[in-house]
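Engineer: Below is a structure I'd like to ask you about.
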Amino acid sequence: MSTESCIRLLNSCRNVFHIKQVHANVLINGTFNNLIVANKLLYFYVQHKAINDAHYLFDKMPMRDPTTWSVMVGGFAKLGDYSNCYATFREIIRCGVTPDNYTLPFVIRTCRDRKDFQMGQMIHNVVLKHGLQLDHFVCATLVDMYAKCMVIEDARKLFDIMLSKDLVTWTVMIGAYADYDAYESLVLFDRMREEGFVPDKVAMVTVVNACAKLGAMHRARFVNEYICMNGLSLDVILGTAMIDMYAKCGCVDSAREVFDRMKEKNVISWSAMIAAYGYHGKGKEALDLFHMMLSCGIWPNRITFVSLLYACSHAGLTDEGLHFFDLMWEEHAVRPDVKHYTCVVDLLGRAGRLDEAWKLIETMTVEKDERLWSALLGACRIHGNMELAEKVANSLLELQPQNPGNYVLLSNIYAKAGKFEKVAEFRDMMTRKNLKKVPGWTWIEVDNKTYQFSVGDRSHPQSKEIYEMLMSVIKKLEMAGYVPDTEFVLQDVEEEVKKEMLYTHSEKLAIAFGLIAIPKGDHIRISKNLRVCGDCHTFCKMVSDIMRRSIIVRDSNRFHHFNEGTCSCGDYW
DNA sequence: GTAGGGTTAG
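Here's what the structure looks like:
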């Protein structure tokens, strides 16, 4: 049997049994000794995931070449059998075979998937030893490996020294930054286009992802136009990424439009849309979509339920949330994990049912984590329950003594209760442990540009006008009954100083700038890295009413849509 | 015989 006819036969194989028939045939007529034929057989076994058959054949082969080895390494990598993947690679080195640009990406990818930085570095040395550092395939996987191991600087160094980069390498680098620094991710995307690369669908998904992380609406619109103009069809992955992008940019209606346009939807697309309604406080819409999903025969997974419970919690749909919490295991065989419990603790906590939340935590059997405790601590803060707060704080600080957020939350609770000696105690504790409060930042988009503000910021070129606008707005608000809520200033300082600090919170400065620079009738969109404070929340509601402006705030937890004096969160966040 | 893509809790 000739090599060509063997390959033809293998191509027509539908299952492992067929491959075995071809295998028997080549053994009989002697073509087995032909290395090309043997390698092809090996490859087809691997393609059909018959790794044991592949291994048996590999052991019997009278000769092996780099292709033989790479097919085996790739087979193990594909199956996720990392120990055999590594072992085969070590065997290659031990036998003195030169690993090639086919074998190395498989092993590097295994390091990436396992976040095995140490092994990744060792393989990088092998790459250098064999002078393969300029190969596109090798280099792209190395960049990806370093990025997924969170060593973005090493990834970037490798990327920068590549003489010729291809679309895949660019995509890997852009995708790496999407998780780490979404702004830089978009800068790289622009650079890639300037260098003449035409992004394909996969590249667009990574950019869509970066827009979602950044919440950059003007970029989101551009990306959408690009996708339409270049006729990139909305497949299930690109469509889902776009739902998430629009939702995280504050436009849940556009997210729904994409969702409705998608021809193919799977459980991830449905979950993304349910989560989108959740961030925007649209609990009823999330529930309706969930029922529609079931009637379409899509089976919900753990993430669907996290999104659904989150939506119930943030919309104050307590009974509905509890109902789904029971149902998820009983009717959908999804066992609640700590994330589901956290949503339910939040759900009960917000509704003031703190005792039930505490009991639920006490009786649950899954492992507790710090976010579960901080959900309850957040509820203690809203409802001013000092006694429970202290109990919860003990568990929380024991689990996570190094997180400054926990100390801030706790001192907030003490401040609310007027216990400033306790606030000072916590502040000292933070200093002793060298923990710094995460500084608050607010971003606003004006004319396709992003501006950043911190508390008391005067770095903006129009700073003078911004402060004038802010003071005139505050005056109008005060006339309408606005009383600054200085409870949100942690420091034990004079009331007047507290007021001053509160007035120049980064959210207020960004909104004042928005009032100057964004035409009436357009939304003022701002993003904040922390949770919006209660006083700024009141401020936004009043500005939306008195100044007749629609304000959309994305904070670290959810979206707030302010219109005519009310917020979509129903003051429940 | 090789590399890049989507949803989740405070």
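Residues 466 to 1038 (the working numbering) are what the first sequence spells out, left to right. For glycine and all other residues, C-beta sits at the position ideal for the given N, C-alpha and C.
Check whether the stretch 754-773 and the stretch 736-744 are in contact - that is, three or more C-beta pairs closer than 8 Å.
Structural biologist: With the cut-off at 8 Å, the stretch 754-773 and the stretch 736-744 touch.
Engineer: To the nearest whole angstrom, what separates the beta carbons of Y872 and F891, a pair I think is in contact under 8 Å?
Structural biologist: Right, the Cβ-Cβ distance comes to about 5 Å (below 8 Å), so this counts as a contact.
Engineer: Assess contact between the stretch 877-890 and the stretch 651-662, defined as three or more Cβ pairs (one per stretch) separated by less than 8 Å. Is contact present?
Structural biologist: The stretch 877-890 is not in contact with the stretch 651-662.
Engineer: Quick check: the Cα distance between F482 and L628, rounded to an integer number of angstroms?
Structural biologist: When rounded, the distance between both Cα atoms is 47 Å.
Engineer: Within the same chain, show all residues whose beta-carbon is closer than 7 Å to that of I472, passing over the 5 residues directly before and after it, in chain order.
Structural biologist: Result list for I472: K505, in chain order.
Engineer: Look at the alpha carbon of F785 and the alpha carbon of Y879, and state the distance between them as a whole number of angstroms.
Structural biologist: In the sequence as presented, Phe is not what sits at residue 785; that position holds Glu. Whole-angstrom Cα-Cα distance: 33 Å.
Engineer: Report all residues from its chain with a CB closer than 8 Å to the CB of S860; omit the five preceding and five following residues, and keep chain order.
Structural biologist: So the qualifying residues of the chain are K833, W838.
Engineer: Check N490 in the structure and name its three-state DSSP category.
Structural biologist: Helix at N490.
Engineer: Let's see if you can read the secondary structure: which residues bound the beta strand (DSSP E) around Q917?
Structural biologist: That run of the beta strand (DSSP E) goes 914-918.
Engineer: Taking only the alpha-carbon atoms, compute the straight-line gap between K804 and D912 and give it to the nearest angstrom.
Structural biologist: Rounded to whole angstroms, K804 to D912 spans 39 Å at the Cα level.
Engineer: Grouping DSSP H, G and I as helix and E and B as strand, with all else coil, what is H1026?
Structural biologist: Note: H1026 maps to strand in three-state DSSP.
Engineer: Counting only the same chain and skipping the five closest in sequence on each side, list residues whose C-beta sits under 7 Å from that of L900.
Structural biologist: Correct list, in chain order: Q867, P869, Y872.
Engineer: For the beta strand (DSSP E) containing I991, list its first residue and its last residue.
Structural biologist: Segment 989-993, the beta strand (DSSP E) holding I991.
Engineer: Would you mind sorting W534 into buried or exposed? The rule is 16 or more other CB atoms within 10 Å of its CB.
Structural biologist: W534 should be labelled buried.
Engineer: Does the beta-carbon distance from T783 to A822 come in below 8 Å?
Structural biologist: No, the Cβ-Cβ distance between T783 and A822 is not below 8 Å.
Engineer: Mind checking whether L842 and F918 have CB atoms under 8 Å apart?
Structural biologist: Contact: no.
Engineer: Pull up the distance between the alpha-carbon of C576 and that of N1028, whole angstroms please.
Structural biologist: When rounded, the distance between both Cα atoms is 50 Å.
Engineer: Whose C-alpha, out of I501, L773, S548, K730, is nearest the C-alpha of M1041?
Structural biologist: Nothing can be reported for residue 1041, as the shown portion of the chain is limited to 466 through 1038.
Engineer: For K941, which residues from the same chain have a beta carbon less than 6 Å from its beta carbon, with the 5 sequence-adjacent residues on both sides left out?
Structural biologist: Excluding positions up to five away in sequence, the list reads I1011.
Engineer: Is it buried or exposed for N1040, if we count other Cβ within 10 angstroms and need 16 for buried?
Structural biologist: Any property of residue 1040 remains undetermined from this structure, which presents the chain solely from 466 to 1038.
Engineer: Output the distance between the C-alpha atoms of E660 and N1022, rounded to the nearest integer angstrom.
Structural biologist: Using only the alpha carbons, I get a separation of about 38 Å.
Engineer: How many whole angstroms separate the CB atoms of A685 and C714, which I take to be in contact at a CB cut-off of 8 Å?
Structural biologist: Rounded, the Cβ-Cβ distance is 5 Å, consistent with contact.
Engineer: Alpha carbons only, please: which of E795, V723, K747 is nearest the one belonging to L773?
Structural biologist: Ranking E795, V723, K747 by Cα distance to L773 puts K747 first.
Engineer: Only counting the same chain, and skipping five residues up and downstream in sequence, which positions put a Cβ closer than 7 Å to that of C614?
Structural biologist: Excluding sequence neighbours, C614 sits near K580, F582, G585.
Engineer: Are there 16 or more other CB atoms within 10 angstroms of the CB of H788, so buried, or fewer, so exposed?
Structural biologist: Classification for H788: exposed.
Engineer: Less than 6 Å between C-beta atoms, sequence neighbours within five positions excluded: which residues of the same chain meet that for L864?
Structural biologist: Cβ neighbours of L864 beyond the five flanking positions: E835.
Engineer: Ignore the nearest five residues each way along the sequence and tell me which others in A620's own chain have a CB closer than 6 Å to its CB.
Structural biologist: The answer, listed in chain order, is V608, Y611, A612, A641.
Engineer: Determine the extent of the alpha helix (DSSP H) in which W908 is found, giving its start and end residues.
Structural biologist: Careful: W908 lies outside any alpha helix (DSSP H), inside the beta strand (DSSP E) at 907-911.
Engineer: Report yes if the C-beta distance between E965 and C1001 is below 8 Å; otherwise report no.
Structural biologist: For E965 and C1001, no; Cβs fall outside 8 Å.
Engineer: Please work out which residues of its chain come closer than 7 Å, Cβ to Cβ, to G921, disregarding the five sequence neighbours upstream and downstream, and give them in chain order.
Structural biologist: These residues qualify, in order along the chain: T969.
Engineer: Give me the Cα-Cα distance between F724 and C716, rounded to the nearest whole angstrom.
Structural biologist: Near 13 Å, if we compare the C-alpha coordinates of C716 and F724.
Engineer: Three-state secondary structure (DSSP) at R574?
Structural biologist: Of the three classes helix, strand and coil, the one that applies to R574 here is helix, per DSSP.
Engineer: Can you tell me whether R1018 is helix, strand or coil according to DSSP?
Structural biologist: According to the sequence shown, residue 1018 is Val rather than Arg. Three-state DSSP puts V1018 in a strand.
Engineer: Which residue comes first and which comes last in the alpha helix (DSSP H) that contains H805?
Structural biologist: Run containing H805: 803-815, per the alpha helix (DSSP H) assignment.
Engineer: Which runs of the alpha helix (DSSP H) at least 4 residues long sit entirely within the stretch 509-570? Give them in chain order.
Structural biologist: Listed in chain order, the complete alpha helix (DSSP H) runs (minimum 4 residues) inside the stretch 509-570 are 516-525, 531-544, 547-559.
Engineer: Quick check on L492: buried or exposed, where buried means 16 or more other Cβ atoms within 10 Å of its Cβ?
Structural biologist: L492 is exposed by the Cβ-count criterion.
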